[in-house]
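S.K.: Chains as they are written, first to last, in this note's numbering: chain A, 8 to 338; chain B, 10 to 127. Each residue gets a CB set at the ideal place from its N, CA and C atoms; glycine is no exception. What follows is a single structure, and I will ask about it in a moment.
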Amino acid sequence: MELLTYLALMGLKSIAVLGFLLFAASYLVLGERKLLARFQVRYGPNRAGPWGLLQPIADMIKLLAKEDIVPQGADRKLFLLAPALVATTALLSFGAVPWGPELVLGGRKIEGAVADVQVGLLYIFAMSSLSVYGIALGGWASNSKYSLLGAVRGAAQMISYEISLGLSLAPIVMLSGSFSLREIVEAQEKVPFGLIQPVSLFLFLTSALAEIKRIPFDLPEAENELVAGYHTEYSGMRFGLFFLGEYVNIIVLGGVVANMFLGGWKGPLLPPLLWFVIKVLAVAFFLIWVRATLPRLRYDQLMHLGWKLLLPLSVLNVILTGAVLAAWPKS
Amino acid sequence: MPESYVPIFVFLVVNVAVAVLIIALSTYLVKRKPTAQKLMPYECGMDPFGTARKRFSVKFFVVAMLFIIFDIEAVFLYPWAVVFKDLKLFGLIEMVVFIAVLLLGLFYAWKKGALEWQ
């Protein structure tokens, strides 16, 4: 009985978090379109509802009602599996991101996260690595040249930047001595790690941008050469799932940056959850700003940046942090 | 603590259920009228020629191999990073030696031109 109530509560919480994520992702799309429009001196969506606030709902209805096409010669099973894989891994990686302190409600402890996993950071890395499969499989299964090229590029880019992504966070783990995002937040009681480790923050943000394939690293879907890259052949809700995964990834990235570098849900005056949301939105705003500002890299520049600059720099950062920590163990 | 993964599992089940629901909804809501032109893979308006699963540059394969080497490095680095504050100078020197060997490998691949793209 105890177990059943526990499972039911967990289920409810999961549904609530999932609902919030879907809501946040669809409004992030609207926010991005609005902001990009403002950056380019346009209005952006403003027809559906006041200030275009109903646009995400209109988009959803449209996506659901579109005929979805499996192209001739496609590997049907993989073609259908790939978008679900991308969306699920993105949503799942939010499972280890804490958004607030533990609450005690009616004698039950309620964690401020889906799960307080001891190795939360590793779990998030694992999930983000799995999404490579979604892209590689989707592109290969489509039976289209653009899709295949996009998928190969995407896979190579994601695995290249995954290394510096992982290494850039090693100094944070060394400082806090834990993989649990909750403990890392606790370790930032005095100073957020973003101030102690600005290099690490820069490395992480750059590699994460490449990992979620956003401008200036959006070569896998570069529209003026590859049409839409690995999701060229997708239509309807399957395309919607790719899209959803992309925007959920932005939220997860915002959550990870907030917890690792900006002190998580901690802050003066305002309630913890609000602080967390503000920090996530600040990161999302930064990503949109980058998109409005920077041009796309060339593929050789992309690979050079990843292997010849970010990788050595992140290794150096690990060693320097180690040296400082070994010399002044108390700091 | 394996029981801390139970919520993750529940979350997984809910997520998969929602993904299946969304796909099922779009599958059964939509009227389909497939035609030969509609099902053709997109190729800028031309009829597709040749196979779409062409051979691609061997460079991507090299990247994948390099990735494995350095990802293993990262895997070894993580547990070290967690207990670094206890290992102190000893741990640092050991890791510097380990990383130096790997960086030598990266330097070799670099000089061999494995990182060049034309």
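A/Val6 lies in the beta strand (DSSP E); which residues open and close that run?
M.R.: Outside the displayed range of chain A (8 to 338) lies residue 6 of chain A, so it cannot be described from this structure.
S.K.: Using a beta-carbon distance cut-off of less than 9 Å, what residues from the stretch 80–92 of chain B approach chain A?
M.R.: Of all residues in the stretch 80–92 of chain B, Asp80, Glu82, Ala83, Val84, Leu86, Tyr87, Trp89, Ala90, Val91, Val92 have a Cβ within less than 9 Å of some Cβ in chain A.
S.K.: For the alpha helix (DSSP H) that contains A/Leu43, what are its first and last residues?
M.R.: Residue numbering aside, residue 43 of chain A sits at position 36 when the first sequence is read from its first letter. Unbroken alpha helix (DSSP H) run through A/Leu43: 9–46.
S.K.: Would you please verify whether the beta carbon of B/Met104 is less than 8 Å from any beta carbon of chain A?
M.R.: If you number the second sequence from 1, residue 104 of chain B lands on position 95. It does: the Cβ of B/Met104 has a partner Cβ on chain A nearer than 8 Å.
S.K.: Counting only Cβ pairs nearer than 7 Å, list the residues of chain A close to B/Lys47.
M.R.: Sequence index remark: in the second sequence, residue 47 of chain B carries index 38 (1-based). Simply Ile76.
S.K.: Report yes or no: is there a C-beta of chain B within less than 8 Å of the C-beta of A/Phe86?
M.R.: Here residue 86 of chain A refers to the residue found at position 79 of the first sequence. Chain B contact via Cβ: absent.
S.K.: Can you grab the Cα-Cα spacing for the pair A/Ala94 / B/Ala28, in whole Å?
M.R.: Translated into the one-based positions of the first sequence, residue 94 of chain A becomes position 87. Translated into the one-based positions of the second sequence, residue 28 of chain B becomes position 19. Roughly 8 Å between the two C-alpha positions.
S.K.: So, using beta-carbon positions, are A/Met17 and B/Val15 closer together than 8 Å?
M.R.: Start at 1 with the first residue of the first sequence, and residue 17 of chain A comes out as number 10. Start at 1 with the first residue of the second sequence, and residue 15 of chain B comes out as number 6. Yes.
S.K.: According to the Cβ coordinates, are A/Ile170 and A/Ile219 closer than 8 Å?
M.R.: Against the first sequence, residue 170 of chain A aligns to sequence position 163. Against the first sequence, residue 219 of chain A aligns to sequence position 212. It is not a contact, given that the beta carbons lie outside the stated cut-off.
S.K.: If the cut is a Cβ gap below 8 Å, which residues of chain B does A/Ile68 touch?
M.R.: Residue 68 of chain A sits at position 61 when you count from the first residue of the first sequence. Those within 8 Å of A/Ile68 in chain B number zero; the least Cβ separation is about 10 Å.
S.K.: If we cut at 8 Å on Cβ distances, does A/Leu226 have a partner in chain B?
M.R.: As a position in the first sequence, residue 226 of chain A is number 219, starting the count at 1. No - not a single Cβ of chain B is within 8 Å of the one on A/Leu226.
S.K.: Out of B/Ile32, B/Glu82, B/Trp119, B/Arg62, point me to the one whose CA is closest to B/Val105's CA.
M.R.: The residue you call residue 105 of chain B lines up with position 96 of the second sequence. Ranking B/Ile32, B/Glu82, B/Trp119, B/Arg62 by Cα distance to B/Val105 puts B/Glu82 first.
S.K.: Under 7 Å from any heavy atom of the ligand GDP, does the C-beta of B/Phe65 make it?
M.R.: The model on display carries no ligand, and the ligand GDP is accordingly not part of it.
S.K.: With DSSP as the reference, label A/Ile76 as helix, strand or coil.
M.R.: Within the first sequence, the letter at position 69 stands for residue 76 of chain A. A/Ile76 falls in the coil class under three-state DSSP.
S.K.: What are the residues that DSSP puts in a beta bridge with A/Lys116?
M.R.: For the purposes of this step, residue 116 of chain A is taken as the residue at position 109 of the first sequence. A/Val111, per the DSSP bridge assignment.
S.K.: Put A/Tyr50 into one of helix, strand or coil per three-state DSSP.
M.R.: In the first sequence, counting from the first residue as 1, residue 50 of chain A sits at position 43. In this structure, A/Tyr50 counts as coil in the three-state DSSP scheme.
S.K.: Mind checking the stretch 229–250 of chain A against chain B and listing, in chain order, the residues whose C-beta falls within less than 8 Å of any C-beta there?
M.R.: Going along the stretch 229–250 of chain A in chain order, one finds Val234, Thr239, Glu240, Gly243, Met244, Arg245, Gly247, Leu248 with a Cβ nearer than 8 Å to chain B.
S.K.: B/Val22: which of A/Pro302, A/Val255, A/Leu98 sits nearest, CA to CA?
M.R.: In the second sequence, residue 22 of chain B corresponds to position 13, counting from 1. Considering only alpha carbons, the answer is A/Leu98.
S.K.: Closest by CA to A/Leu60, which one among A/Glu39, A/Leu323, A/Arg305?
M.R.: Working through the first sequence from its first residue, we reach residue 60 of chain A at position 53. The residue with the shortest Cα to Cα distance from A/Leu60 is A/Glu39.
S.K.: Starting from B/Glu103, follow the alpha helix (DSSP H) in both directions and report where the run begins and ends.
M.R.: To locate residue 103 of chain B, count along the second sequence from 1; it is residue 94. Unbroken alpha helix (DSSP H) run through B/Glu103: 93–120.
S.K.: Assess contact between the stretch 233–249 of chain A and the stretch 269–284 of chain A, defined as three or more Cβ pairs (one per stretch) separated by less than 8 Å. Is contact present?
M.R.: Segments in contact, no.
S.K.: Helix, strand or coil: which one does DSSP assign to A/Met67?
M.R.: As a working mapping, residue 67 of chain A is identified with position 60 in the first sequence. It is helical.
S.K.: For B/Arg64, go through chain A and note every residue whose CB falls closer than 8 Å to its CB, in chain order.
M.R.: The sequence position of residue 64 of chain B within the second sequence is 55, counting from 1. Ordered by position in chain A, no residue passes the 8 Å Cβ test against B/Arg64, which lies about 10 Å from the chain.
S.K.: I need the DSSP call for A/Trp58, collapsed to helix, strand or coil.
M.R.: Working through the first sequence from its first residue, we reach residue 58 of chain A at position 51. In this structure, A/Trp58 counts as helix in the three-state DSSP scheme.
S.K.: Taking beta-carbon pairs under 8 Å, can you tell me which members of the stretch 93–108 of chain A lie near chain B?
M.R.: Going along the stretch 93–108 of chain A in chain order, one finds Ala94, Thr95, Leu98, Leu99, Gly102, Ala103 with a Cβ nearer than 8 Å to chain B.
S.K.: In the DSSP assignment, find the alpha helix (DSSP H) that holds A/Tyr140 and state where it starts and stops.
M.R.: Residue numbering aside, residue 140 of chain A sits at position 133 when the first sequence is read from its first letter. Counting along the chain, the alpha helix (DSSP H) containing A/Tyr140 begins and ends at 127–148.
S.K.: What three-state label does DSSP hand A/Trp272 in the structure shown?
M.R.: Taking the first sequence and counting its residues from 1, one reaches residue 272 of chain A at position 265. Coil at A/Trp272, not helix or strand.
S.K.: When the Cα atoms are used, what is the spatial distance from A/Ala89 to A/Leu280?
M.R.: In the first sequence, the residue the question calls residue 89 of chain A occupies position 82. In the first sequence, the residue the question calls residue 280 of chain A occupies position 273. Roughly 33 Å separates the two Cα atoms.
S.K.: Could you give the DSSP three-state label for B/Met55: helix, strand or coil?
M.R.: Counting from 1 along the second sequence, the entry for residue 55 of chain B is found at position 46. B/Met55: coil per DSSP, three-state reduction.
S.K.: Strictly under 8 Å for the Cβ-Cβ distance: is B/Val110 near chain A by that measure?
M.R.: Residue 110 of chain B sits at position 101 when you count from the first residue of the second sequence. No, B/Val110 does not count as interfacial toward chain A.
S.K.: Using a Cβ cut-off of 9 Å, pull out every chain A residue sitting near B/Val1, in sequence order please.
M.R.: Chain B is shown from 10 up to 127; residue 1 of chain B falls before or after that span and cannot be answered.
S.K.: At the level of alpha carbons, what is the spacing between B/Lys40 and B/Ile32?
M.R.: Position 31 of the second sequence, counting from 1, holds the residue named residue 40 of chain B. Position 23 of the second sequence, counting from 1, holds the residue named residue 32 of chain B. Rounded to the nearest angstrom, the two C-alpha atoms are 14 Å apart.
S.K.: Taking only the alpha-carbon atoms, compute the straight-line gap between A/Leu71 and B/Leu30 and give it to the nearest angstrom.
M.R.: Walking along the first sequence from the start, residue 71 of chain A turns up at place 64. Walking along the second sequence from the start, residue 30 of chain B turns up at place 21. Those two C-alpha atoms are separated by around 11 Å.
S.K.: Cβ closer than 9 Å: which chain B residues qualify as neighbours of A/Ile170?
M.R.: Locating residue 170 of chain A in the first sequence gives position 163, counting from the first residue. Neighbours of A/Ile170 on chain B, chain order: Leu75, Phe76, Phe79, Asp80, Glu82, Ala83.
S.K.: Looking only at its own chain, which residues have a Cβ that is under 6 Å from the Cβ of A/Ser151, when we skip the five neighbours before and after it?
M.R.: To locate residue 151 of chain A, count along the first sequence from 1; it is residue 144. So the qualifying residues of the chain are Thr239, Glu240.
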